[in-house]
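If you're matching positions, the sequence shown starts at 153 in the working numbering and goes up one per residue.
What follows is a short report on a single structure.
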Amino acid sequence: MDCAYPSSFRSLIEDYLLVYIRQLHPYFSSLGRAVLITPEPEVDPRVEFIEIVELLGAPGGAISMRCILGLMRDAQLVLLDITMRALLDQLAALLTIESSNESLRLIEMTRACRRTKQIISSFLGHESFRSERLELLILGHLAEEEVN
């Protein structure tokens, strides 16, 4: 997919790709599955991981169109950033857990990626999500210590 990423996502995308290079690729190499030739979306989180970053710059997509038209608010950018960085934290945690069941780890990684993809495509990055008040309420809630 050809994507045109808004410059406001540069730092996030760099960090996102670094996680892939530094953590996910070595992990899959250790499993003997370094190359994603025939994706198995049911058990391979890389499929969802790649699709998530594509959502930010998909041609004609709600997120890229908002950026192009100057309609993307700072609060929206912050919420997308928080959401994607939370995924990176979840994946890092899953990769550090000692486990003898790699299938379970892959399932949990895939679930985390799917949840993130869903919240971006159906909520934060959806074309009908235009409530600045709701964005600020969510950010206020996330700023509370008990939440994190």
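Ideal Cβ placement from N, Cα and C applies to all residues, glycine included.
Nothing here was measured: the structure is a model prediction, and the numbers come from that model.
Item to check | Whole-angstrom distance between PHE161 and LEU176, CA atom to CA atom | outcome: 21 Å
Checklist entry - Within 10 angstroms of its Cβ, does LEU276 collect 16 or more other Cβ (buried), or is it exposed? => result buried
Checklist entry - Are ILE204 and LYS269 closer than 8 Å when you measure CB to CB? => result yes
Checklist entry - Hey, out of ASN253, SER251, GLU250, GLN242, whose CA is closest to MET261's CA? => result GLN242
Next on the checklist: Are the CB atoms of LEU240 and VAL171 within a distance shorter than 8 Å?
Outcome noted: yes
Next on the checklist: Once the 5 residues before and after THR235 are set aside, which same chain residues still bring their CB inside 8 Å of it?
Outcome noted: THR268, ILE271, ILE272, LEU276
Checklist entry - Would you say the stretch 250 to 266 touches the stretch 280 to 294, given that touching needs at least three Cβ pairs under 8 Å? => result no
Checklist entry - With distances taken from CA atoms, which of MET217, PRO197, ILE173 is nearest PRO158? => result Taking only the C-alpha atoms, the option nearest PRO158 is MET217.
Next on the checklist: Here's a check: name, in chain order, each residue in its chain whose Cβ is nearer than 7 Å to the Cβ of ALA227, leaving out the five neighbours to either side.
Outcome noted: GLU284, GLU287, LEU288, LEU291
Next on the checklist: Classify GLY213: buried if its beta carbon has 16 or more other beta carbons within 10 angstroms, exposed otherwise.
Outcome noted: buried
Checklist entry - Which runs of the alpha helix (DSSP H) spanning at least 4 residues fall entirely within the stretch 153 to 189, listed in chain order? => result 162 to 171, 177 to 182
Checklist entry - Run through DSSP, which three-state label would HIS293 get? => result Helix, per DSSP.
Next on the checklist: Tell me which residues share the same chain as PRO197 and place their Cβ nearer than 6 Å to its Cβ, disregarding the 5 neighbours each side in the sequence.
Outcome noted: MET261, THR262, CYS265
Item to check | Best match in ALA156, GLY222, PHE180, ILE173 for proximity to GLU254 [C-alpha to C-alpha] | outcome: PHE180
Checklist entry - What are the uninterrupted segments assigned as alpha helix (DSSP H) that are 4 or more residues long and contained completely in the stretch 195 to 283, given in chain order? => result 197 to 209, 214 to 220, 226 to 248, 254 to 271
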